[in-house]
Amino acid sequence: MSLVLSALVVVVFIVLPLACLPRQIPLQGLGIPPDFESLTLDWNLETTPDPNWSGHLIFDTVSSLLLHWSNTRYRNGHNIVPGSVPIGTLLYHGRGDNAIPTFPGWTSTNPEHSFTFCADSTSKDGSTAGCWQLTFVVTRPLRVLYFDGASGAKMENGPMDAQDLLLWGGVDPARRMDERERLNALCALGKDFGIDGYARMEMDFEVMLCDFSNGVELLSADYLAAWMAGPAREPLILGTIVSASWNSRHPGETRVHLDLTKLISFYDTSLAPSLIPEREGKERWDHRVLGISAPDLAVVKTRLQDVLASGTNMGSGVDWKTLFRVVVDRYADRLETLDHLLATTTTDNLPERAPIIQTELRLMLTPYILYTARPHWLSSTSNSASYVYGGNEAWALPVWRACATRHTAHIHRNSGVQSRLTSSERLLLGALDGTNREICRVLVRMWVAGVHAGVDTLLPREADPSASTPVLSPTLDQWRTHAHSLISWLDWSAWVKCRPMCPAEEMCYLPTWPYFGVNEWDRKDERWKRPQPRCIRKFRPYSVL
Numbered sequence: 006m007s008l009v010l011s012a013l014v015v016v017v018f019i020v021l022p023l024a025c026l027p028r029q030i031p032l033q034g035l036g037i038p039p040d041f042e043s044l045t046l047d048w049n050l051e052t053t054p055d056p057n058w059s060g061h062l063i064f065d066t067v068s069s070l071l072l073h074w075s076n077t078r079y080r081n082g083h084n085i086v087p088g089s090v091p092i093g094t095l096l097y098h099g100r101g102d103n104a105i106p107t108f109p110g111w112t113s114t115n116p117e118h119s120f121t122f123c124a125d126s127t128s129k130d131g132s133t134a135g136c137w138q139l140t141f142v143v144t145r146p147l148r149v150l151y152f153d154g155a156s157g158a159k160m161e162n163g164p165m166d167a168q169d170l171l172l173w174g175g176v177d178p179a180r181r182m183d184e185r186e187r188l189n190a191l192c193a194l195g196k197d198f199g200i201d202g203y204a205r206m207e208m209d210f211e212v213m214l215c216d217f218s219n220g221v222e223l224l225s226a227d228y229l230a231a232w233m234a235g236p237a238r239e240p241l242i243l244g245t246i247v248s249a250s251w252n253s254r255h256p257g258e259t260r261v262h263l264d265l266t267k268l269i270s271f272y273d274t275s276l277a278p279s280l281i282p283e284r285e286g287k288e289r290w291d292h293r294v295l296g297i298s299a300p301d302l303a304v305v306k307t308r309l310q311d312v313l314a315s316g317t318n319m320g321s322g323v324d325w326k327t328l329f330r331v332v333v334d335r336y337a338d339r340l341e342t343l344d345h346l347l348a349t350t351t352t353d354n355l356p357e358r359a360p361i362i363q364t365e366l367r368l369m370l371t372p373y374i375l376y377t378a379r380p381h382w383l384s385s386t387s388n389s390a391s392y393v394y395g396g397n398e399a400w401a402l403p404v405w406r407a408c409a410t411r412h413t414a415h416i417h418r419n420s421g422v423q424s425r426l427t428s429s430e431r432l433l434l435g436a437l438d439g440t441n442r443e444i445c446r447v448l449v450r451m452w453v454a455g456v457h458a459g460v461d462t463l464l465p466r467e468a469d470p471s472a473s474t475p476v477l478s479p480t481l482d483q484w485r486t487h488a489h490s491l492i493s494w495l496d497w498s499a500w501v502k503c504r505p506m507c508p509a510e511e512m513c514y515l516p517t518w519p520y521f522g523v524n525e526w527d528r529k530d531e532r533w534k535r536p537q538p539r540c541i542r543k544f545r546p547y548s549v550l
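In our numbering, the protein residues as written are 6 to 550.
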């Protein structure tokens with residue numbers, strides 16, 4: 006018995022420490038999802054996306070839904086999304102008396118917004134001491150339709166295209182201020198489908214109600230102290246801008262819940278192919294829904310009717326909002342950091358900075374760098390021989406495939422999920438797959454370039470007997486080219502910031518309708534057409550907006 010125990014102690018003494026050590030076990034590619042796209046995708050690291058592919062635009066606009074900052078930057082919306090406003094939500098309505106509207110009207114999600122419309126109908130000269138603000142509470146889920154972009158901005162050049170095309174079949178600049186007719190027509194359009202109202206973004210988010218007697222009840226009618234007219238109203242304007250900024254970044258306006266399983270996008274090239282040549286050669290600021298062909302518009306209208314007539318329990322159950330957000334969160338800050346490192350690297354500090362940049366690239370790809378993914382000088386097998394394209398980068402293809410497919414592999418694998426996908430979800434899946442695939446492609450190419458340049462400490466080039474002293478300048482040029490191309494292609498508004506950060510008495514601001522100056526409707530200045538961030542003062546003396 007003592008001999009057995011002694012032997013057991015020896016075994017435990019030897020085995021346990023070894024078992025406790027971290028081990029990298031070669032999986033021979035087991036971590037890669039099944040090649041569900043092998044017949045349709047070209048796994049060549051040198052292949053760039055088709056210039057007419059719009060999936061990255063769908064990805065960004067969907068990621069930006071109900072975000073004030075993104076939709077202020079790109080005012081011309083391209084999405085129509087059914088949604089709901091939950092029970093208990095407060096909606097605000099400024100007006101000239103305390104009467105509940107008996108016809109369609111506007112409410113805001115923040116009281117600062119509605120207060121700008123607060124007035125007193127008994128005032129003779131506009132200098133009244135008070136004004137009326139009504140607060141409503143939602144008593145049942147309200148069915149709404151959301152138009153993205155700055156769809157409440159009464160401007161030319163596109164913000165209201167989607168609404169006017171649906172209602173009137175065309176866009177007439179002379180009708181941009183016909184809000185009463187527009188709202189009445191929208192309510193008539195949605196009546197047969199049980200639509201209670203419409204969500205848009207003006208200077209802040211608003212919910213246009215079709216019937217104030219159905220689904221909401223008056224919580225209070227307050228005669229508030231009013232602001233005087235003229236320069237004295239400057240703090241009020243700033244207050245509206247500040248309250249709108251609360252919804253600038255994720256999660257955005259949370260009082261409207263969107264159903265992405267029913268999303269309609271004018272960037273969907275299968276739905277509106279006539280818009281492809283309309284966008285060709287134009288910057289994104291100039292993308293418009295105007296220009297869609299009559300047959301395509303008819304298809305959109307039919308799709309919208311089908312979506313609105315469908316039941317509420319549709320779809321696969323995939324949380325698309327979170328899935329899109331995971332990708333943005335995973336790469337937005339890291340790509341910004343990478344861009345900074347590349348921009349601040351010089352010929353003099355390149356030998357020190359190159360390994361740092363390579364480490365950042367490796368960190369982004371760490372969950373996907375398989376043990377067997379090694380360059381030929383470190384591989385004991387002919388692992389890369391099976392990849393006959395891609396040149397010297399072929400050994401890294403398993404890394405790209407793992408990175409590009411990991412987030413959605415379960416959707417492609419599961420036939421039950423596949424069978425429940427709506428047409429909108431298939432659009433979302435394609436946009437997510439394609440965008441994530443391109444991010445991974447570029448990052449893998451940059452990482453491989455660093456490995457081949459000899460700056461990756463975990464895959465040292467010294468093991469290659471044919472290696473010479475690395476020349477890093479071409480690698481830096483390649484890194485910069487790839488990173489700039491990717492960041493420009495993605496064009497995420499998360500990277501649009503005031504640089505340097507604004508001081509404590511200022512805030513970062515994008516030019517917002519209607520605060521464009523005296524002739525706000527007709528301003529042609531580039532800074533209004535192509536909004537750029539700048540710091541403005543929160544207090545007196547106020548900045549010129």
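All C-beta atoms in this analysis are idealised placements derived from N, C-alpha and C, irrespective of residue type, glycine included. Here the structure is a predicted model, which is why all the values come from computation and not from measurement.
Using 10 angstroms around the beta-carbon of glutamine 3, count the other beta-carbons present and answer buried if the total reaches 16, otherwise exposed.
Outside the displayed span of the chain (6 to 550) sits residue 3, for which this structure offers no information.
Run the CB neighbour count on arginine 532, radius 10 Å, all protein chains shown included, and call it buried at 16 or more, exposed below.
It is exposed - the Cβ of arginine 532 has fewer than 16 other Cβ atoms within 10 Å.
Can you look up tryptophan 111 in the DSSP assignment and give me helix, strand or coil?
Judged by DSSP in its simplified three-state form, tryptophan 111 adopts strand.
Find the nearest neighbour of glutamate 288 within the set Lys534, Thr140, Lys543, Ile269, judged by alpha-carbon distance.
Nearest C-alpha to glutamate 288 among Lys534, Thr140, Lys543, Ile269: Lys534.
Could you tell me the alpha carbon to alpha carbon distance between alanine 193 and glutamine 310, rounded to whole angstroms?
Going from the Cα of alanine 193 to the Cα of glutamine 310 covers about 13 Å.
Over what stretch of residues does the alpha helix (DSSP H) that includes cysteine 408 continue unbroken?
Per DSSP, cysteine 408 is one residue of the alpha helix (DSSP H) stretching across 402-410.
Histidine 489 to threonine 327, Cα distance in whole Å?
Roughly 27 Å separates the two Cα atoms.
Rank Met165, Ala409, His381 by C-alpha distance to the C-alpha of tyrosine 373 and give the top, closest one.
Out of Met165, Ala409, His381, Ala409 has the C-alpha closest to the C-alpha of tyrosine 373.
Return the chain-ordered list of same chain residues with a C-beta closer than 7 Å to the C-beta of arginine 450, the five sequence neighbours on each side being excluded.
Scanning its chain for C-beta atoms nearer than 7 Å, with the 5 sequence neighbours on each side dropped, one finds around arginine 450 the residues Leu50, Glu398, His487, in chain order.
Spatial neighbours of tyrosine 547 in its chain, beta-carbon cut-off 7 Å, leaving aside the 5 residues before and after
Once the five neighbours on either side are set aside, the close Cβ partners of tyrosine 547 are Glu239, Leu243.
For the region 124-198, which segments carrying the alpha helix (DSSP H) assignment without a break, of at least 4 residues, lie completely within its bounds, in sequence order?
The alpha helix (DSSP H) runs of length 4 or more contained entirely in the region 124-198 are, from start to end of the chain, 166-173, 184-196.
Length of the line joining the Cα atoms of arginine 330 and glutamate 258
Straight-line Cα distance between these residues: approximately 15 Å.
Since glycine 202 and valine 149 are thought to touch, with beta carbons under 8 Å apart, how far apart are those beta carbons, to the nearest angstrom?
Right, the Cβ-Cβ distance comes to about 5 Å (below 8 Å), so this counts as a contact.
At a cut-off of 7 Å, would you count leucine 477 as near the ligand COA, judging by its Cβ distance to the nearest heavy atom?
No copy of the ligand COA appears in this structure; indeed no ligand is present at all.
Smallest Cα separation from valine 86: which of Leu295, Arg446, Lys267?
Among Leu295, Arg446, Lys267, the Cα nearest to that of valine 86 belongs to Lys267.
Quick one, are the C-beta atoms of isoleucine 124 and cysteine 136 less than 8 Å apart?
Strictly speaking, residue 124 in this sequence is alanine, with isoleucine absent from that position. A contact, by the Cβ cut-off of 8 Å.
Over the uninterrupted beta strand (DSSP E) stretch that includes alanine 226, give me the two end residues.
Annotation for alanine 226: the continuous beta strand (DSSP E) segment containing it runs 221-230.
Using a threshold of 8 Å, state whether the C-beta atoms of glycine 459 and leucine 366 are closer than that.
No, the Cβ-Cβ distance between glycine 459 and leucine 366 is not below 8 Å.
Opposing strand residues paired with proline 356 [DSSP bridges]
Paired residue(s): none; proline 356 is not in a bridge.
Just to confirm my understanding: we take serine 498, look at its own chain, exclude 5 residues before and 5 after, and list those with CB closer than 7 Å. What are they?
Answer for serine 498: Ser69, Trp74, Ser75, Arg78, listed in chain order.
Given a cut-off of 8 Å, decide if proline 536 and leucine 515 are closer than it, judged by their beta-carbon atoms.
The answer is yes: Cβ separation under 8 Å.
Backbone secondary structure at tyrosine 514 - three-state DSSP:
The DSSP-derived three-state label of tyrosine 514 is strand.
Simplified DSSP state of valine 571, which is helix, strand or coil:
Given that the chain is displayed from residue 6 to residue 550, the structure contains no residue 571 and the question cannot be resolved.
Under 8 Å between C-beta atoms of isoleucine 416 and leucine 434
Yes; because the gap between Cβ atoms is below 8 Å, this pair is in contact.
Mind checking glycine 421: buried by the 16 CB within 10 Å criterion, or exposed?
Under this definition glycine 421 is an exposed residue.
Nearest candidate by alpha-carbon position, reference arginine 284, set Thr517, Arg446, Asn57
That would be Asn57, whose Cα lies nearest to the Cα of arginine 284.
Does the Cβ-Cβ distance between glycine 220 and leucine 147 come in under 8 Å?
Yes, they are a contact pair.
Between the C-alpha atoms of glycine 99 and alanine 230, what's the straight-line distance to the nearest angstrom?
If you take the alpha carbons of glycine 99 and alanine 230, they lie about 12 Å apart.
Going by C-alpha to C-alpha distance, which of Ile281, Trp452, Asn419 sits closest to threonine 480?
When the alpha-carbon of threonine 480 is set against those of Ile281, Trp452, Asn419, the nearest one is in Trp452.
Close Cβ partners of phenylalanine 210 (< 6 Å) along its chain, the five nearest in sequence each way excluded
Spatial neighbours of phenylalanine 210 in its own chain (CB-CB distance under 6 Å, excluding positions within 5 residues in sequence) are listed in chain order as Thr114, Glu258.
Is it true that the CB of glutamate 341 sits closer than 8 Å to the CB of serine 248?
No.
Using 10 angstroms around the beta-carbon of serine 225, count the other beta-carbons present and answer buried if the total reaches 16, otherwise exposed.
So serine 225 ends up on the exposed side.
For cysteine 445, three-class secondary structure by DSSP
Helix, per DSSP.
Alpha carbon to alpha carbon, how far is valine 404 from proline 380?
Approximately 12 Å between the Cα atoms of the pair.
According to DSSP, is alanine 204 helix, strand or coil?
Annotated three-state conformation of alanine 204 is strand, per DSSP.
What three-state label does DSSP hand histidine 73 in the structure shown?
Histidine 73: helix per DSSP, three-state reduction.
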